[in-house]
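Its first residue numbered 4, the sequence shown is counted upward by one per residue in this note's numbering. Cβ atoms here follow ideal geometry from the backbone N, Cα and C, with glycine treated the same way. Notes follow the structure.
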Amino acid sequence: DALQGVYHGSTLLAVGHAMHEAGLETAKPDGERESMYRERNVPFMIRRLTKRLNDLHPPHEAALVRRAARIAAEAGLDAEGLALGELETVAKVLDAWRSSPVAAPTADKLKAVLGGAAAPPDDAVVRAAASV
Numbered sequence: 004d005a006l007q008g009v010y011h012g013s014t015l016l017a018v019g020h021a022m023h024e025a026g027l028e029t030a031k032p033d034g035e036r037e038s039m040y041r042e043r044n045v046p047f048m049i050r051r052l053t054k055r056l057n058d059l060h061p062p063h064e065a066a067l068v069r070r071a072a073r074i075a076a077e078a079g080l081d082a083e084g085l086a087l088g089e090l091e092t093v094a095k096v097l098d099a100w101r102s103s104p105v106a107a108p109t110a111d112k113l114k115a116v117l118g119g120a121a122a123p124p125d126d127a128v129v130r131a132a133a134s135v
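Have a look at this one:
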């Protein structure tokens, strides 16, 4: 519960979480999926996540990600095998983003993942969000 506010405040963790959950939900028949992952709702989710990515402010995002890692560590979640080190990797990428922008996932990439395509295994945000 302590992570909920931070978690939903972070654009990257929210997108990573949506991509991870989509991988689980799209394996189910449409009628059994959580509401936001049903086929009729996916276009809205893609627009919402794309807008969040376009509005991302790297310094603020880095602080949110580091705070999420700190709260998770204080709660003892690092002992449960969560990839908290991945969160620091994400924060360092955000620090570098200030001087050299990093490409954010496109609407097409989000649509593919939310439609059932596998999330990129080398994506640190997806790995961290899947663990959290």
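Per-residue DSSP class, three states only, for residue i
i	result
S38	helix
L15	helix
P32	coil
D58	coil
G79	coil
C-alpha distance - residue i paired with residue j, whole-angstrom precision
i	j	result
L27	R41	12 Å
A94	A65	5 Å
M39	E77	31 Å
D33	V45	11 Å
A187	K31	In the structure as shown, the chain begins at 4 and stops at 135. Residue 187 is therefore absent and cannot be evaluated.
P61	V96	9 Å
A75	L87	8 Å
D58	A21	17 Å
M48	R73	28 Å
E37	A115	18 Å
A110	H23	16 Å
L90	H63	14 Å
R69	T92	10 Å
Start and end residues, alpha helix (DSSP H) containing residue i
i	result
G88	87 to 100
Exposed unless 16 or more other CB atoms sit within 10 angstroms - verdict on residue i
i	result
R43	exposed
E35	exposed
G79	exposed
L15	buried
Cβ distance (whole Å) where residue i is taken to contact residue j below 8 Å
i	j	result
S13	A99	Rounded, the Cβ-Cβ distance is 17 Å, inconsistent with contact.
L67	V18	The pair is not a contact, with the Cβ atoms about 13 Å apart (cut-off 8 Å).
Cβ of residue i within 8 Å of any chain B Cβ
i	result
F47	The structure shown has no chain B; it contains just one protein chain.
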